[in-house]
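One structure is given below, encoded as structure tokens.
Residue numbers (my numbering): 414 to 591.
Here it is in structure tokens:
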């Protein structure tokens, strides 16, 4: 089976909900530096490469809501789909104290190649799935690292991020506080 930058589960499900997971895996495609970024396996298993547990939560949430699930199939160290194309942190050279050798001297042409290979296909799939309904609610699942290296512990156990529409976030915040 050939590699794809995106995995869609439950595509046949018709739901107002769409579950997405930008950092679902720590996979490095073979076409990126032979499938290696030059860091230790232990670092590839850390939060710097993906959001541990987020894919499983996304899949289960999709099952419970009867909703389709869109998962990235590449490490955020290859290119971070949770950034804009012009964001300077789109391809990280240093992440939480770990130097990423394959990204250290990356040029604009390689960034553009990764955008075409991974970033845009993922976002196209999200847009395509979201466009199936006129009132789609997108839930983006991430995991949380309680403490980054050499920094104080974060005081939060959960984060809820939303844009202008608080119809979903406000009731969730109230429920989480109780």
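Ideal Cβ positions, reconstructed from N, Cα and C, are used throughout, including at glycine.
| query | How long is the line joining the alpha carbons of residue 489 and residue 550, rounded to whole angstroms? | reply | Along the chain shown, read from residue 1 onward, the residue named residue 489 stands at position 76. Along the chain shown, read from residue 1 onward, the residue named residue 550 stands at position 137. Cα to Cα, the separation comes out at about 24 Å.
| Excluding five sequence neighbours on each side, which residues of the same chain lie with their C-beta closer than 8 Å to the C-beta of residue 575? | Numbered from 1 along the chain shown, position 162 holds the residue referred to as residue 575. Here the set comprises 581, 582.
| said: In the DSSP output, what is residue 431 paired with across the bridge? | reply: In the chain shown, the residue the question calls residue 431 occupies position 18. DSSP lists 551 as partners of residue 431.
| message | In the DSSP output, which residue or residues are listed as bridge partners for residue 575? | response | Counting from one through the chain shown, the residue named residue 575 turns up at place 162. Residue 575 is not bridged to any residue.
| So, helix, strand or coil for residue 488, using DSSP? | For this step, residue 488 is matched to residue 75 along the chain shown. Coil, per DSSP.
| said: Assuming residue 422 is part of the beta strand (DSSP E), what are its boundary residues? | reply: In the chain shown, counting from the first residue as 1, residue 422 sits at position 9. Its beta strand (DSSP E) spans residues 419-422.
| task | Count the other C-beta atoms from every protein chain shown that fall within 10 angstroms of the C-beta of residue 600, then say buried if there are 16 or more, exposed otherwise. | result | Because residue 600 is not part of the residues shown, which for the chain are 414 to 591, the question remains open.
| message | Please report the distance separating the alpha-carbon of residue 457 from that of residue 559. | response | Position 44 of the chain shown, counting from 1, holds the residue named residue 457. Position 146 of the chain shown, counting from 1, holds the residue named residue 559. If I take the Cα positions, the gap works out to 18 Å.
| request: Put residue 586 into one of helix, strand or coil per three-state DSSP. | output: If you number the chain shown from 1, residue 586 lands on position 173. In the structure shown, residue 586 sits in a helix (DSSP, three-state: H, G or I).
| Rounded straight-line distance, which links the Cα of residue 433 to that of residue 539 | Along the chain shown, read from residue 1 onward, the residue named residue 539 stands at position 126. Along the chain shown, read from residue 1 onward, the residue named residue 433 stands at position 20. The alpha-carbon atoms of residue 539 and residue 433 are separated by roughly 7 Å.
| said: I'd like the list of long-range same chain contacts for residue 495, defined as Cβ closer than 6 Å, with 5 residues on each side in sequence excluded. | reply: Working through the chain shown from its first residue, we reach residue 495 at position 82. Taken in chain order, the residues that qualify are 435.
| What is the rounded straight-line gap between the Cα of residue 557 and the Cα of residue 470? | Taking the chain shown and counting its residues from 1, the one referred to as residue 557 is at position 144. Taking the chain shown and counting its residues from 1, the one referred to as residue 470 is at position 57. C-alpha separation (whole angstroms): 12 Å.
| task | Locate the alpha helix (DSSP H) running through residue 516, then write down its first and last residues. | result | Indexing the chain shown from 1 puts residue 516 at position 103. Its alpha helix (DSSP H) spans residues 514-517.
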